[in-house]
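Here's the structure, in structure tokens; my notes come after.
4 protein chains.
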Amino acid sequence: MSDLRIAVLGVGVMGADHVARITSRISGAHVAVVNDYLPEKAAEVAAAIPGARVANDPFDAIIADDVDAVLLATPGPTHEKQLLACLEQGKPVLCEKPLTTDSASSLEVVRREAELETPLIQVGFMRRFDPEYQHLKALIDGGELGQPLVMHCVHRNPAVPPTFTSAMVVKDSLVHEVDVTRFLFSEEIASVQIVRPAANPAAPTGLQDPQIAIFRTASGRHVDVELFVTTGVAYEVRTEVVGELGSATIGLDVGLVRKSAPGSWGGRITPGFRERFGTAYDIELQRWVDAVRSGVNVDGPTAWDGYAAAAVCEAGVKSLESGERVDIELAERVGT
Amino acid sequence: MSDLRIAVLGVGVMGADHVARITSRISGAHVAVVNDYLPEKAAEVAAAIPGARVANDPFDAIIADDVDAVLLATPGPTHEKQLLACLEQGKPVLCEKPLTTDSASSLEVVRREAELETPLIQVGFMRRFDPEYQHLKALIDGGELGQPLVMHCVHRNPAVPPTFTSAMVVKDSLVHEVDVTRFLFSEEIASVQIVRPAANPAAPTGLQDPQIAIFRTASGRHVDVELFVTTGVAYEVRTEVVGELGSATIGLDVGLVRKSAPGSWGGRITPGFRERFGTAYDIELQRWVDAVRSGVNVDGPTAWDGYAAAAVCEAGVKSLESGERVDIELAERVGT
Amino acid sequence: MSDLRIAVLGVGVMGADHVARITSRISGAHVAVVNDYLPEKAAEVAAAIPGARVANDPFDAIIADDVDAVLLATPGPTHEKQLLACLEQGKPVLCEKPLTTDSASSLEVVRREAELETPLIQVGFMRRFDPEYQHLKALIDGGELGQPLVMHCVHRNPAVPPTFTSAMVVKDSLVHEVDVTRFLFSEEIASVQIVRPAANPAAPTGLQDPQIAIFRTASGRHVDVELFVTTGVAYEVRTEVVGELGSATIGLDVGLVRKSAPGSWGGRITPGFRERFGTAYDIELQRWVDAVRSGVNVDGPTAWDGYAAAAVCEAGVKSLESGERVDIELAERVGT
Amino acid sequence: MSDLRIAVLGVGVMGADHVARITSRISGAHVAVVNDYLPEKAAEVAAAIPGARVANDPFDAIIADDVDAVLLATPGPTHEKQLLACLEQGKPVLCEKPLTTDSASSLEVVRREAELETPLIQVGFMRRFDPEYQHLKALIDGGELGQPLVMHCVHRNPAVPPTFTSAMVVKDSLVHEVDVTRFLFSEEIASVQIVRPAANPAAPTGLQDPQIAIFRTASGRHVDVELFVTTGVAYEVRTEVVGELGSATIGLDVGLVRKSAPGSWGGRITPGFRERFGTAYDIELQRWVDAVRSGVNVDGPTAWDGYAAAAVCEAGVKSLESGERVDIELAERVGT
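Residue numbers (the working numbering), protein chains in the order written: chain A, 880 to 1215; chain B, 880 to 1215; chain C, 880 to 1215; chain D, 880 to 1215.
Here it is as structure tokens:
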């Protein structure tokens, strides 16, 4: 099967990240076309990708014959028209959040897509793919927490740009917890309330920070979210689900921690070498491939490292038999 | 630059893992040739990879014109000859540990490679690429622990195959700690002693388990390693480095934990969304690419999810202004 | 100085605990008089305390010449009259919460006490004396979290008696968080709201459980409290204070955990042997005193344990010199 | 029963701690006689304890009629004679470690005691009374870890006095792990080896630090101990027991952490309010008793605190019914 040819519309922070992802870490796809409202930005990005070209107009990119699918990372206000163009062309599109900037236009997009025979739009709520959220979702769906009853969320940023507004806290930050709630509880949110506590003195004037959001779901579950985007500390995203049979928390920097009867707390030990070192193997192999392609050939343990290990293990086996300390005499160092 | 064409020799557990890695998670390379001492195994693996072919003889694969580099995952006893063939052909090779099965032949390989102008062999000590070991190495090299003085390691497996022997504990498990010691301390190991405590009653007869290995490095540092391969619990690999200025431990399932003056312990909070959700973005994009290529188009949040989020955020912004609870009325569900 | 002679009124669960505390773990006081509305209960408790007597009427106990101070552990509705009697007698009283069962009568008690020259009433909000709350309070008052902005509390019980009502969740459980808020923030609570999520199916019919309480303090700080008294798991009391400069959490079963710039999380290592083993020394000495008083003389390590330790250390010093393993030959065991 | 009258011999750091303990935190005993080789030190300590007197000669204290039992906190070399005097007098004695300074004299003391009808000597290995060691011991004895196989210990001090010698690391620090090994494994230690790694550059010249001790028990179990007394960090005492069915660690500043099949790690949640707040209640009551005895009467929450809590709970119950926010109007503040 040939590679998927993707048009990336918008190569700001998120778009550029996605370009790097498609180019270096994803198999089966490559960036064919790059578009940005700053043409020089698009040109710069395209120049670094073998075979990619620039499109000056996003709609040209969408309809182009050498584009199989579209990745939408443009500003929110442009999404509606670009999504509709993708639908018209029958081209699959991965749309960074938000779908559109208001619910009326979002609904219009949903309805247009529903008229087609096949869905074409995926929205970029990436937390659903995070291993911790996946683990939490599996715990809930597997019934291990019983019926979920309450959820506590924390969304903290160390800082935000000076242009950040109180409404952006809702639309850009809270939106993730909106999706997390719907994803984990598999139901809609029935009401929302935003509480405005006394503000952080360090927050820019006019920015209501922190904010507390309170959701009530269709079935009456309670969710509260602390939104605090000028903490000065770090990026903290935490979710605790409290169910009939126990509670579980993710985002503590220690994996999923669960509390359950009979009065124990704890997590799961990495079960095997694949889970523990899978990422290490991926990095090892990618770096070796890159080293070989660039003519360096080795970017990791050398043959000497292999020899030294062999010598120590040989001595170890001797000591295993005698129980005594065995000295190791290495040959004079050669090679790298 | 064209893709690196790799011959994978040996497609048992490790080799097959590497094939999957090259095919689905690594960019810039593909599997061109597959070899295994079981021809039907090689055929089965090659059949699943577009463009890959089988080589019945590993040496044919090494010399083949359509092979740029070799990944060696054959049994240890075959490594020496295959490595020497790679050297002769001037082909880069990533060799799963061990380099060879004894130090004399390993040294021979090292010397042959040293006669070439460029190194060709990399050994598969993958822990050097693990983010936790990288973090620990950076801490040591940055001087933040002061001079390292002592290291405690634990290597535990829940179980081993019935054919596992006491010497294999040294050669297959301890070998990793040999490399970790050399990697972290940047010096050779001068002596080794294996202590044999009273055995685990659950260990197979004849298997000395647990074992305690004690290293003394060239500069006199002490390293102890608990090797226990029939714990029945999980895969646990733990390393604690004790230095002049504090200690740090990895492998606790909670990231690197550090103890330092003035009497505090702790770790690092994930600093930003890239670190926290980078893997989620990778998975999201790979799954979307796979879905589009297979004609399903969507494998994640749908347009409806985007609409529902827009509706809640809209209500949230209203509540931000009024401070009151705002009810949400969604349209009738359409689409997927 | 002679011991304080205390009258304990009410020897149900809490009162009986306090009697044990005064008798075995507190110095400078003893229980002189015991009263309960069940006279046989009072008699049984008094019989076990050398020198204690029963009072059939709580007011007789309060005015008795052989009573210096009163510990009030009677049901809440009786508190008002008993407190006023203590004030009239000028006797100090430690009153288990609540002070009284409504705010009007509480205010009356406050005003009567204010007419005296010296305060006499202490209320049993014991969390203020808990080392973790003390640590958190010190962190806040020392300015290390900056201005506190938000607080999240969790109050969970595994189960409650079948007679427990929705209002008791507020009056018996939430009351502690009311005091914690006032204690930590040093200000009054200006408003309260109780949210009623869909109930735990396992909760007794008619009991609203969980409940979410939301406080707004006089200066506008936000506090939320999850109250969940039928979790089936364990007793969990957790408090997280989020301030301008970082956050700190207690009640995680791991001491106080703090998050602060530059992006680190952690706690304090027990600084010295007094902090680490102070409780062990207390227990050791109390058990030895009890053993000697009962004629057993020893309740801990024996002389033989001392001898065996001496033998091992002697061998250890020899090995310290030689570096070799030294065998230990103990004498034949004598004594206990 | 009347109080136990204790003679405290030696009021250096440990002895003075014990005096404070007996006087303020232990019930059923008081310090009757104080002795020290520095008479002015003894006089100073005795002066602060109502009813205590000084003895200039330790042997006078041991034989005194107003002494029921002896607490020995004198330097180790004086222990033997003082212990024998206690045995002669038939007086119970709690002897700080070491029993005596060599195994021959220790054995002599053991034998003399064995000739009596009742044991009189208890040795101050206080770790046996520490809740974490007790928990670990219970886990082992309850069979929950299966047969214990290996133990790893760490004993770290931030600093030691300049007079500290290499042998004192063994006799004063390692001695605790000697007793811990014997206590947890219920068997004798058969051999000991001290490994001397390259020393900490920050350690005083001549002090071998760190040291690694290796024990082999009578049944062949392996124990290793890192002794490191100039870490500059904090006081760290850690013990990990590895058994057939899992492992458990104490001394991580997070309670006992256990790893067990099927691949989980974790601890116990404080089960109830007695365990969680028992110490708080003890402190509360002791401080109240002290406040009343000193005429201050209140050292904790006041009647006003009780009133404010009543007002908030009253509003809470109203909100529980209405679901709406209820404002709280407190009376004007009176009293303290």
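Don't be surprised by glycine CBs; every beta carbon is placed ideally from N, CA and C.
Excluding five sequence positions before and after residue 1102 of chain D, the CB atoms of its chain that fall closer than 6 Å to its own CB belong to 1030, 1060 and 1094, given in chain order. With respect to chain A, the C-beta atom of residue 903 of chain B has a partner C-beta closer than 7 Å.
Taking residue 1033 of chain B as reference, the option from B:1041, B:1024, B:1023 and B:1054 with the minimal CA-CA separation is B:1054. Within the same chain, Cβ atoms closer than 6 Å to the Cβ of residue 1014 of chain C are found at 1135, the five residues on either side in sequence being excluded. Note that the stretch 1042 to 1051 of chain B touches the stretch 1077 to 1094 of chain B; at least 3 beta-carbon pairs, one per stretch, sit closer than 8 Å. Contact between the stretch 929 to 940 of chain A and the stretch 925 to 940 of chain B is absent, with fewer than three C-beta pairs closer than 8 Å. Membership of residue 1081 of chain C in any beta strand (DSSP E) is not indicated, and neither H nor E is assigned to it by DSSP. Between residue 959 of chain A and chain B, the shortest Cβ-Cβ separation is not below 7 Å.
Not a single C-beta of chain A is nearer than 7 Å to the C-beta of residue 1044 of chain B.
In this structure, the alpha-carbon of residue 1119 of chain C lies about 22 Å from that of residue 1155 of chain B. The Cβ atoms of residue 974 of chain A and residue 941 of chain A lie no closer than 7 Å to each other. The stretch 983 to 994 of chain B makes no contact with the stretch 1137 to 1145 of chain A; the number of CB pairs closer than 8 Å stays below 3.
The beta carbon of residue 998 of chain A is closer than 7 Å to those of 992 in its chain, skipping five residues each way along the sequence.
With contacts defined by Cβ atoms closer than 7 Å, residue 1188 of chain D and residue 1058 of chain C form a contacting pair. DSSP, reduced to helix, strand and coil, places residue 1119 of chain A within a strand of the structure shown.
For residue 944 of chain D, the closest of D:883, D:1183 and D:1151 by C-alpha to C-alpha distance is D:883. Annotated three-state conformation of residue 1197 of chain A is helix, per DSSP.
Distance from the CA of residue 1110 of chain D to the CA of residue 1012 of chain C, rounded to the nearest whole angstrom, comes to 30 Å. Residue 1156 of chain C has a beta carbon lying within less than 7 Å of a beta carbon in chain D. Our two residues, residue 1100 of chain C and residue 1204 of chain D, have alpha carbons roughly 15 Å apart in a direct line.
Shortest Cα-Cα distance from residue 1096 of chain A to any of A:1115, A:1035, A:1027 and A:891 involves A:1027.
Taking 7 Å as the upper bound on Cβ-Cβ separation, chain D lies near no residue of the stretch 918 to 934 of chain A.
For the pair residue 1127 of chain B and residue 1018 of chain B, the CB atoms are nearer than the 7 Å cut-off.
Listed along chain A, no residue sits closer than 8 Å to residue 1122 of chain D by beta-carbon distance, the nearest being about 16 Å off. Residues of the stretch 1136 to 1152 of chain D with a C-beta less than 7 Å from any C-beta of chain B: 1138, 1139, 1140, 1142 and 1144, listed in chain order. Look at residue 1128 of chain D: its C-beta is not under 7 Å from any C-beta on chain C. Here residue 1108 of chain B is buried. Its C-beta has 16 or more other C-beta atoms within 10 Å. Here the C-alpha atom of residue 911 of chain D lies approximately 35 Å from the C-alpha atom of residue 1115 of chain D. In the three-state DSSP reduction, residue 941 of chain A falls in the helix class (H, G or I). Straight through space, the alpha carbons of residue 1182 of chain B and residue 963 of chain A are spaced by roughly 12 Å.
Assignment of residue 961 of chain B by DSSP, reduced to helix, strand and coil, places it in the helix class. Restricting attention to B:1024, B:1079 and B:1084, the CA atom closest to the CA of residue 1125 of chain B is found in B:1024.
Within the stretch 960 to 1042 of chain D, the runs of beta strand (DSSP E) that reach at least 3 residues and sit entirely inside it are, in chain order, 972 to 974, 1000 to 1002 and 1027 to 1035.
About 13 Å separates the Cβ atoms of residue 1010 of chain B and residue 1149 of chain A, ruling out a contact at the 8 Å cut-off. Rounded to the nearest whole angstrom, the CA to CA distance from residue 1163 of chain A to residue 1210 of chain B is 50 Å. Annotation for residue 1147 of chain D: the continuous beta strand (DSSP E) segment containing it runs 1143 to 1147.
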